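> According to the working numbering, the sequence shown holds residues 1 to 101 in order. Glycine is no exception: its CB is placed at the ideal position from the N, C-alpha and C atoms. All values reported here derive from a predicted model rather than from experimental measurement. Handing you a structure now.
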Amino acid sequence: MNCRSIVPTAAEHSNSDGEGAIMSRCIPFQKMIADGQAEEAIVGLLQEFARDPEYFGAIYNLALAFKALGRCSLARDTFTLYLELAPDGYWASQARSELLE
1 MNCRSIVPTA AEHSNSDGEG AIMSRCIPFQ KMIADGQAEE AIVGLLQEFA RDPEYFGAIY
61 NLALAFKALG RCSLARDTFT LYLELAPDGY WASQARSELL E
């Protein structure tokens, strides 16, 4: 995995399957990561996941935040965890791509 700080935009993840609710929940955290506030995003994502353990998007976005902070090993482990929890999840193909870099 190339540990560079690139956060996907909503447009890169949007589709016509009506998954706007998934994106709207994650966009604020992805914006924080893109704005250099990855540590703050991590705190918020952990709180979101604690409130809703079925919110696997929090795990994917945690991986993005770890990657943005240069914590490549932790990012890789977190992308892997996302795929274990949601192998067919909304960001599964992106998580797999991250692991192949």
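1) Using a Cβ-Cβ cut-off of 6 angstroms (strictly less than) and excluding sequence neighbours within five positions of GLU40, which residues of its own chain qualify?
2) Determine the contact status of PHE66 and ILE42, defining contact as a CB-CB distance below 9 angstroms.
3) Closest Cβ-Cβ distance between LEU85 and chain D: below 9 angstroms?
4) Between which two residues does the alpha helix (DSSP H) containing TYR82 stretch?
5) Can you give the Cα-Cα distance for GLN94 and GLY57, rounded to whole angstroms?
6) Classify TYR60 as helix, strand or coil using the three-state DSSP reduction.
Taking the definition as stated:
1) To locate residue 40, count along the sequence shown from 1; it is residue 40. Contacts found: MET32.
2) For the purposes of this step, residue 66 is taken as the residue at position 66 of the sequence shown. For the purposes of this step, residue 42 is taken as the residue at position 42 of the sequence shown. PHE66 places its beta carbon less than 9 angstroms from that of ILE42.
3) Looking at the structure shown, chain D is missing, and only one protein chain is on hand.
4) In the sequence shown, counting from the first residue as 1, residue 82 sits at position 82. Counting along the chain, TYR82 sits inside the alpha helix (DSSP H) bounded by residues 72-85.
5) Within the sequence shown, residue 94 is the residue found at index 94, counting from 1. Within the sequence shown, residue 57 is the residue found at index 57, counting from 1. Those two C-alpha atoms are separated by around 12 angstroms.
6) Numbered from 1 along the sequence shown, position 60 holds the residue referred to as residue 60. Residue state, collapsed to three classes: helix.
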